[in-house]
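Here is the structure we will look at, set down as structure tokens.
Protein chains: 2
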Amino acid sequence: MPRVVAERADTLPALAEVFREHGYGAASLTLITEATGLGKGSLYHFFPGGKQEMASAVLAEIDSWFAANVFAPLEAPDEPRRAITSMFDAVDQYFHSGARICLVGALALGDGRDLFQTQVQDYFARWVAALANALIRSGRDRRQATGLAEETVAGIQGAIVLARALDDPSAFGRTVAKVQARLAAP
Amino acid sequence: MPRVVAERADTLPALAEVFREHGYGAASLTLITEATGLGKGSLYHFFPGGKQEMASAVLAEIDSWFAANVFAPLEAPDEPRRAITSMFDAVDQYFHSGARICLVGALALGDGRDLFQTQVQDYFARWVAALANALIRSGRDRRQATGLAEETVAGIQGAIVLARALDDPSAFGRTVAKVQARLAAP
DNA sequence: GTCTATAGATCGATAGAC
DNA sequence: GTCTATCGATCTATAGAC
């Protein structure tokens, strides 16, 4: 039978789930050992920097996923409108239609804000820049593109907060659909 | 010289600041004693339920502030447009133009989500309902008012996330201004 | 009411056997 | 690599003097 955890990267999905579920500070090593099925010894073998390195690795993987599935298409030289559409598809998929929160946004609001400020800032800055880039190439005025991109990313993040607060994942889809429609309008 | 802390309610602003700064789980009693200037004995005298009761009391005070300054005007029988304008003024004031996060939203995303779910849900549900009510009375279509209210509240929350993530409070004002402008349009 | 002292549990992290 | 045992620090909460 194949091992569930064969290398460091195999632990990242479970780690990400724990941090999303409990935040950074409240994600104890006990919870992490249960979620990953690894003892503390193994965890510290993979992550000598401890919990902080675990969270940082999760953020790096998230950034990598968005870079490949969201940022790169938005920055690609052609098809900006199609890239924007696929961005919303990717967002809906990644956030499980509102049932999953954005760990980066949660870290920005909660604890770990100081520890991971650079990674959090880079993630949002690149998202806004990539979307603004696509908006400009799709014919938008340069001056308004950044503002529109900020408003869109904020709308997505706010939709996650709202869905989580209301305990109603469908609020995410409803709200994001409005954000997307506004972006498609001239 | 008058005492700084004369009764339970006097501790709430300092408590709120600690929870906003560190989240619920990472706000230790040591941090709380430093912020309030009270020893543990005094804190447990005021809040026999411990840290959970402290956070719950803070949420109740936040809800009370919004009820008086935001929800009630929105639900008042007249001047819905004026109430909406003053809502945005109150929001900008309360969140210090993006320099202060929304503790309710942060709790919704992070730890304490289970502990305070009812209070978090009530806060957002009432905000959306009150704003939708004002929108209907200002001439909006009933079917679209709730969606527009959700989008607006989400936009405000997302603006807070974005401003915090980018470490740029001015992103809050820029984004909220766009949300407000959209609401004022026919 | 407010304090200090401290209990009892849990934390992150380490050591060392295998 | 993975485990168990355990360290010292820190946590929430309580007890009791004043």
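Chains A and B, in that order, give the protein sequences. Under our numbering, the first residue of the first sequence is numbered 6, with each subsequent residue one higher. Under our numbering, the first residue of the second sequence is numbered 6, with each subsequent residue one higher. Glycine is no exception: its CB is placed at the ideal position from the N, C-alpha and C atoms. On a predicted model such as this, the values are computed, not experimentally measured, just so you know.
Use the C-beta contact count for residue 104(A): other C-beta atoms within 10 angstroms, 16 or more gives buried, fewer gives exposed. Answer is exposed; the Cβ neighbour count stays below 16.
Pairwise C-alpha distance: residue 111(B) and residue 25(B): For the pair residue 25(B) and residue 111(B), the Cα-to-Cα distance works out to about 8 Å.
Select from 174(B), 156(B), 167(B), 173(B) the residue whose C-alpha is nearest the C-alpha of residue 184(B). Nearest neighbour of residue 184(B) by Cα position, chosen from 174(B), 156(B), 167(B), 173(B), turns out to be 156(B).
For the alpha helix (DSSP H) holding residue 25(A), just list the boundary residues, first then last. For residue 25(A), the enclosing alpha helix (DSSP H) covers residues 17–27.
Going along chain B, which residues have a C-beta under 9 Å from residue 155(A)? Listed by position along chain B, the residues whose Cβ is nearer than 9 Å to that of residue 155(A) are 164, 167, 171, 176, 179, 180, 183.
Taking Cβ positions, are residue 171(B) and residue 126(A) nearer each other than 8 Å? A contact, by the Cβ cut-off of 8 Å.
Return no unless some Cβ of chain B is closer than 8 Å to the Cβ of residue 55(A). No - not a single Cβ of chain B is within 8 Å of the one on residue 55(A).
Within its chain, find whatever has a CB closer than 7 Å to the CB of residue 116(B); leave out the 5 residues flanking it on each side and keep chain order. For residue 116(B), the CB contacts under 7 Å within the same chain, skipping 5 residues up- and downstream, are 28, 29, 30 in chain order.
Can you find a CB in chain B that lies within less than 8 Å of the CB of residue 30(A)? At least one chain B Cβ lies under 8 Å of residue 30(A).
Let's see if you can read the secondary structure: which residues bound the alpha helix (DSSP H) around residue 89(A)? Per DSSP, residue 89(A) belongs to the alpha helix (DSSP H) from 85–99.
Please say whether residue 181(B) and residue 121(B) have beta carbons closer to each other than 8 Å? For residue 121(B) and residue 181(B), no; Cβs fall outside 8 Å.
Do you know how far the Cα of residue 43(B) is from the Cα of residue 34(B)? About 10 Å.
Give every residue of the same chain whose Cβ lies closer than 7 Å to the Cβ of residue 174(A), excluding the five residues on either side of it in the sequence, and list them in chain order. Scanning its chain for C-beta atoms nearer than 7 Å, with the 5 sequence neighbours on each side dropped, one finds around residue 174(A) the residues 102, 103, 104, 168, in chain order.
Residue 177(B) lies in the alpha helix (DSSP H); which residues open and close that run? First-last of the alpha helix (DSSP H) with residue 177(B): 175–189.
Please confirm if residue 115(A) has its CB atom under 8 Å from at least one CB of chain B. With a threshold of 8 Å between beta carbons, residue 115(A) makes contact with chain B.
What is the DSSP secondary structure of residue 51(A), counted as helix, strand or coil? Note: residue 51(A) maps to helix in three-state DSSP.
On the three-state DSSP scale, how would you describe residue 8(A)? Confidence at residue 8(A) is low in this model, with a pLDDT of 48, below 50, so its placement is unreliable and no value can be given for it.
Could you check whether residue 124(B) and residue 64(B) sit closer than 8 Å to each other, using their CB atoms as the reference points? Cβ distance < 8 Å, so residue 64(B) and residue 124(B) count as in contact.
Note down, in chain order, each residue of its chain lying with its Cβ closer than 7 Å to the Cβ of residue 154(A), except the 5 sequence neighbours on either side. So the list reads 133, 136, 137, 140, once near-sequence residues are dropped.
Can you tell me whether residue 121(B) is helix, strand or coil according to DSSP? Residue state, collapsed to three classes: coil.
Chain A contact residues for residue 122(B), given Cβ-Cβ distances below 7 Å: The CB of residue 122(B) comes closer than 7 Å to the CB of 172 in chain A, given here in chain order.
Got a sec? Which residues, its chain only, sit under 6 Å from residue 147(B) by beta carbon, not counting five neighbours each side? Sequence-distant partners of residue 147(B) (beyond 5 residues in either direction) whose C-beta falls short of 6 Å from its own C-beta, in its chain, are 141.
Interface partners of residue 160(A) on chain B, CB under 8 Å: In chain order: 156, 159, 160, 163.
Which class does residue 171(B) belong to by DSSP, given the choice of helix, strand or coil? The three-state reading of DSSP puts residue 171(B) in helix, counting H, G and I together.
Residue 166(B) versus residue 61(A): straight-line alpha-carbon distance, rounded: Residue 61(A) has its alpha-carbon roughly 19 Å from the corresponding atom of residue 166(B).
Span of the alpha helix (DSSP H) around residue 71(B): Segment 56–71, the alpha helix (DSSP H) holding residue 71(B).
Please work out which residues of its chain come closer than 6 Å, Cβ to Cβ, to residue 85(A), disregarding the five sequence neighbours upstream and downstream, and give them in chain order. So the list reads 139, 142, 143, once near-sequence residues are dropped.
Tell me whether residue 98(A), by its Cβ, gets closer than 7 Å to a heavy atom of the ligand SAH. The ligand SAH is not among the ligands present in this structure, which contains no ligands whatsoever.
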